[in-house]
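Q:
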Amino acid sequence: MRIGRNDNCWCGSGEKYKKCHMSFDEKLKEFKRKGYEVPHRSLIKNKEQIEKIKASAKINNEILDLVGDQIKAGMTTAEVDKIVYDYTISKGAEPAPLGYSGFPKSCCTSVNDQICHGIPDDYVLKEGDIVNVDVSTILDGYYSDASRMYMIGEVSDNAKRLVDVTKECMIKGIEAVKPWTRLGNVSQAVQEHAEKNGYSVVREFGGHGIGLEFHEDPFVFHYGTKEEGVLMVPGMIFTIEPMINEGTHELFIDADNGWTSYTDDGKLSAQWENMILVTEDGYEILAK
Ligand code: MF3
Ligand code: CO
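Numbering of the sequence shown is given in this note's numbering, commencing with residue 1 and proceeding in unit increments.
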């Protein structure tokens, strides 16, 4: 059935179609006709959903700030996890990782050569460590997901450079977000900056759509080619979360816990993650 100009828009805004997504649909159809891969409607968030996702992201950011205030040498990663859990619960929210596919903790803590999905435990953080804390929150049914690197005390110049360049990779990716252009532009921007600095990009993990669920389409590659991939359109929200390695991009997964991934050569890995809303004229960073 065709939606009429005066019918309610499919996005759930309650607005008339002609005032809401009608011109959007015409534009999308045009791209589709030209052979572009376009996102499914279910990935386009309306204003109300965006507000709810932002509220979730706000708490998620506060958690990352709090971790930044408190993390220090001598603390176990389980204690970091407790900070995350307690604050989340105090805000009436839930930690998304807890129980997700059997994940046992409320956040991921990935230290040094751990790439991602480190499980908080009795490991004691020490001076010189670099650690990614990856926090995901469900508030009122809406998901947010972001991560930062924390440097414990004085770290080596090599470690600091990796952390800084990885953050720059994320920013380059974010700056490539533009409506009615393709996601491969983001992938390419991340990869180019990493490799220009002599680093490698992890292939096995990527960013993802987020909001109504923890992991939605599209998969966001952190390596790739310009002018390829799905079209970015206003109302999409996805993460950009490059994992950048000092040495090889190859990895292995901890056989005992089935989660934690490590660099194959034991060299350092870093990651930064943020959530990006595609807007009419660019992007908005949801996890400042
Ligand atoms: N930000 C991570 C991701 O998107 C969070 C993983 S939580 C886990 O994969 F439970 F899956 F570990
Ligand atoms: Co994520």
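C-beta: ideal position from N, C-alpha, C; glycine also.
Determine the closest residue to SER23 out of SER156, LEU286 and GLU280, with distance taken between C-alpha atoms.
A: In the sequence shown, the residue the question calls residue 23 occupies position 23. If we check each option's Cα against that of SER23, GLU280 comes out closest.
Q: Beta strand (DSSP E) containing LEU139: first to last residue?
A: Locating residue 139 in the sequence shown gives position 139, counting from the first residue. Per DSSP, LEU139 belongs to the beta strand (DSSP E) from 130-139.
Q: Exposed or buried, LYS45, counting other C-beta atoms within 10 Å across all chains shown (16 or more means buried)?
A: Indexing the sequence shown from 1 puts residue 45 at position 45. Buried: at least 16 other Cβ atoms inside 10 Å.
Q: Could you check where the beta strand (DSSP E) with THR239 kicks off and where it finishes?
A: The count along the sequence shown starts at 1 and reaches residue 239 at position 239. Its beta strand (DSSP E) spans residues 237-240.
Q: Please decide whether ASP265 counts as near chain C, where near means a Cβ-Cβ distance under 8 Å.
A: Absent from the structure: chain C. Only one protein chain is present.
Q: Select from PRO39, LYS19, LEU66 and PRO120 the residue whose C-alpha is nearest the C-alpha of LEU183.
A: Here residue 183 corresponds to residue number 183 of the sequence shown, with the count starting at 1. Among PRO39, LYS19, LEU66 and PRO120, the Cα nearest to that of LEU183 is on PRO39.
Q: Taking the Cβ atom as the reference point for each residue, do HIS249 and VAL201 lie within a distance shorter than 8 Å?
A: By one-based count along the sequence shown, residue 249 stands at place 249. By one-based count along the sequence shown, residue 201 stands at place 201. Against a cut-off of 8 Å, the Cβ pair of VAL201 and HIS249 comes out as a contact.
Q: Can you tell me which residues form a DSSP beta bridge with LEU277?
A: Counting from one through the sequence shown, the residue named residue 277 turns up at place 277. Note: LEU277 sits in a beta bridge opposite ILE237 and GLU284.
Q: In angstroms with no decimal places, state the Cα-to-Cα distance between GLY92 and GLY68.
A: In the sequence shown, the residue the question calls residue 92 occupies position 92. In the sequence shown, the residue the question calls residue 68 occupies position 68. If you take the alpha carbons of GLY92 and GLY68, they lie about 21 Å apart.
Q: Taking ILE115 and THR263 to be in contact with their CB atoms under 8 Å, please state how far apart those CB atoms are, rounded to whole angstroms.
A: In the sequence shown, the residue the question calls residue 115 occupies position 115. In the sequence shown, the residue the question calls residue 263 occupies position 263. So it is a contact: roughly 6 Å between Cβ atoms.
Q: Kindly indicate which three-state DSSP category SER23 falls into: helix, strand or coil?
A: Indexing the sequence shown from 1 puts residue 23 at position 23. DSSP places SER23 in helix when its eight states are reduced to three.
Q: Does the distance from the C-beta atom of LEU28 to that of ASP217 stay below 8 Å?
A: Counting from one through the sequence shown, the residue named residue 28 turns up at place 28. Counting from one through the sequence shown, the residue named residue 217 turns up at place 217. Taking 8 Å as the Cβ cut-off, LEU28 and ASP217 do not qualify as a contacting pair.
Q: On the DSSP bridge list, what partners appear for CYS107?
A: Along the sequence shown, one-based indexing puts residue 107 at 107. DSSP output for CYS107 lists VAL135 as bridge partner(s).
Q: Do the CB positions of VAL80 and VAL177 come within less than 8 Å of each other?
A: As a position in the sequence shown, residue 80 is number 80, starting the count at 1. As a position in the sequence shown, residue 177 is number 177, starting the count at 1. Taking 8 Å as the Cβ cut-off, VAL80 and VAL177 do not qualify as a contacting pair.
Q: What distance in whole Å lies between the Cβ atoms of GLY173 and VAL155, which are believed to be in contact at a cut-off of 8 Å?
A: Reading the sequence shown from its first residue, position 155 is the one you call residue 155. Reading the sequence shown from its first residue, position 173 is the one you call residue 173. VAL155 to GLY173, Cβ: 24 Å. No contact.
Q: Bridge partners for PHE205 per DSSP, in chain order?
A: On the sequence shown, position 205 is the one that residue 205 refers to. Answer is none; PHE205 lacks a bridge partner.
Q: Verify the contact flag: TRP272, CB atom, against every heavy atom of the ligand MF3, threshold strictly below 7 Å.
A: Looking up residue 272 in the sequence shown gives position 272. Not so, every heavy atom of the ligand MF3 lies at least 7 Å from the Cβ.
Q: LEU162 to TRP272, Cα distance in whole Å?
A: Sequence index remark: in the sequence shown, residue 162 carries index 162 (1-based). Sequence index remark: in the sequence shown, residue 272 carries index 272 (1-based). Going by the C-alpha atoms only, they are around 11 Å apart.
Q: For ALA194, which residues of its own chain have a beta-carbon under 6 Å away from its beta-carbon, when the five flanking residues on both sides are left out?
A: Your numbering for residue 194 matches position 194 in the sequence shown. Counting only Cβ-Cβ distances below 6 Å, and skipping sequence neighbours, we find CYS169, VAL201 and ILE244.
Q: Which runs of the alpha helix (DSSP H), 4 residues or longer, sit entirely within the region 54-119?
A: Counting only runs of 4 or more, we get 77-90.
Q: Does the beta-carbon of SER144 have 16 or more other beta-carbons within 10 angstroms, so that it is buried, or is it exposed?
A: Locating residue 144 in the sequence shown gives position 144, where the first residue counts as 1. SER144 comes out buried.
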